[in-house]
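Engineer: Supplied in structure tokens, the structure appears directly below.
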Amino acid sequence: MQAAFDAYGRSDWSALGSLVHPDALTAFRTAQLGSAVGFSLAQNDPQMRGRNIGISPADFVSEDAIKKAEGIRVGKFPGKPTIGELARLSPNEFFVRWCQAAVQDNERGPWLAMQRVGRQIIGEIIENDTLAHVMYRVQIESIYLAGKLEVMSLKKADGRWLMLLNDDVVWNFPLVGPK
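Set out below in structure tokens:
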């Protein structure tokens, strides 16, 4: 866990991604790519512009949905790739690109301030041979966070314990969403 906290603190997204379980990376990519496809299609549809809509990201990661949006550029990502280019990335590559995009806009990045604070590991619970949980405390002075424990679940893959992600280390907010 400490290696993940360190990678997160220094914005080493490749190192952080290598410490995330493949299932979590796939779920993350599905949610984020689905949001990008769904909201991009809505924003490019004259009948939908200006409407307050909600989408289910899982509905927009099908081949058909991605094909409809593949040429749309996503300005929130460095280099403004197309939906098609993002869809062709592996879950790990997508995660790295998403993290780069999330911190490039310092004013909007909701977890940028939390990136550089320390985290103290308190203990662990081994649930079974493939699932464990690490308890830790964010070291920040705040009336809201004082004493609050965070939990990061880990799942074993190929003999390594890998993170399942939580909202402390990577706050899973949609980069592409309603305007």
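Following the working numbering from start to finish, the sequence shown increments by one per residue and tops out at 207.
Where is the CB? At the ideal position from N, CA and C, for every residue including glycine.
Kindly give me the distance between the Cβ atoms of W189 and A160, rounded to whole angstroms, as I take these residues to be in contact under 8 Å.
Structural biologist: As a first step, residue 189 must be located in the sequence shown, where it is residue number 161. As a first step, residue 160 must be located in the sequence shown, where it is residue number 132. Right, the Cβ-Cβ distance comes to about 6 Å (below 8 Å), so this counts as a contact.
Engineer: So the alpha helix (DSSP H) Q30 belongs to, where does it begin and stop?
Structural biologist: Translated into the one-based positions of the sequence shown, residue 30 becomes position 2. Counting along the chain, the alpha helix (DSSP H) containing Q30 begins and ends at 30-37.
Engineer: Between the alpha carbons of G45 and P74, how many angstroms are there, rounded?
Structural biologist: Taking the sequence shown and counting its residues from 1, one reaches residue 45 at position 17. Taking the sequence shown and counting its residues from 1, one reaches residue 74 at position 46. If I take the Cα positions, the gap works out to 37 Å.
Engineer: Mind reading off the beta-carbon distance from L114 to A64? Whole number of angstroms is fine, and I expect it under 8 Å.
Structural biologist: By 1-based counting over the sequence shown, the position of residue 114 is 86. By 1-based counting over the sequence shown, the position of residue 64 is 36. Sure, about 7 Å apart at Cβ, within 8 Å.
Engineer: Going by beta-carbon coordinates alone, are V48 and N120 separated by less than 9 Å?
Structural biologist: The sequence position of residue 48 within the sequence shown is 20, counting from 1. The sequence position of residue 120 within the sequence shown is 92, counting from 1. In contact: V48 and N120 (Cβ atoms closer than 9 Å).
Engineer: Could you spell out where the alpha helix (DSSP H) holding L47 opens and where it closes?
Structural biologist: Within the sequence shown, numbered from 1, the residue matching residue 47 stands at position 19. Careful: L47 lies outside any alpha helix (DSSP H) and carries neither H nor E.
Engineer: Is it true that the CB of F88 sits closer than 9 Å to the CB of L193?
Structural biologist: Translated into positions along the sequence shown, residue 193 becomes position 165. Translated into positions along the sequence shown, residue 88 becomes position 60. No, these two residues do not count as a Cβ contact at 9 Å.
Engineer: Which first and last residues belong to the alpha helix (DSSP H) in which E113 is found?
Structural biologist: Residue mapping note: residue 113 aligns to position 85 of the sequence shown, counting from 1. 111-115 is the span of the alpha helix (DSSP H), which, as asked, contains E113.
Engineer: Applying the criterion that 16 or more other CB atoms from any shown protein chain within 10 Å of the CB defines a buried residue, is I94 buried or exposed?
Structural biologist: The residue given as residue 94 occupies position 66 in the sequence shown. Its Cβ being crowded by 16 or more others within 10 Å, I94 is buried.
Engineer: For Q143, name the three-state secondary structure that DSSP assigns.
Structural biologist: Start at 1 with the first residue of the sequence shown, and residue 143 comes out as number 115. In this structure, Q143 counts as helix in the three-state DSSP scheme.
Engineer: Please report how far the alpha carbon of S118 lies from the alpha carbon of I168, in whole angstroms.
Structural biologist: Counting from one through the sequence shown, the residue named residue 118 turns up at place 90. Counting from one through the sequence shown, the residue named residue 168 turns up at place 140. Going from the Cα of S118 to the Cα of I168 covers about 34 Å.
Engineer: Pull up the distance between the alpha-carbon of P50 and that of D92, whole angstroms please.
Structural biologist: As a first step, residue 50 is located in the sequence shown; it is residue number 22 there, counting from the start. As a first step, residue 92 is located in the sequence shown; it is residue number 64 there, counting from the start. Approximately 24 Å, taken between the alpha carbons.
Engineer: I'd like to know whether the C-beta atoms of D166 and E178 end up nearer to each other than 9 Å.
Structural biologist: As a working note, residue 166 is residue 138 in the sequence shown. As a working note, residue 178 is residue 150 in the sequence shown. For the sequence presented, residue 166 should be read as Val rather than Asp. It is a contact, given that the beta carbons lie within the stated cut-off.
Engineer: Could you check whether Q143 and S42 sit closer than 9 Å to each other, using their CB atoms as the reference points?
Structural biologist: In the sequence shown, counting from the first residue as 1, residue 42 sits at position 14. In the sequence shown, counting from the first residue as 1, residue 143 sits at position 115. Contact flag unset, no.
Engineer: Would you say A52 and M163 are within 9 Å of each other, going by their C-beta atoms?
Structural biologist: As a first step, residue 52 is located in the sequence shown; it is residue number 24 there, counting from the start. As a first step, residue 163 is located in the sequence shown; it is residue number 135 there, counting from the start. Contact: no.
Engineer: Excluding the 5 residues flanking F122 on each side, which residues of the same chain have their C-beta closer than 6 Å to its C-beta?
Structural biologist: Along the sequence shown, read from residue 1 onward, the residue named residue 122 stands at position 94. Counting only Cβ-Cβ distances below 6 Å, and skipping sequence neighbours, we find R57.
Engineer: Consult DSSP for Q75 and reduce its assignment to one of helix, strand or coil.
Structural biologist: Taking the sequence shown and counting its residues from 1, the one referred to as residue 75 is at position 47. Looking at Q75 - three-state DSSP - the assignment turns out to be coil, as it is neither helix nor strand.
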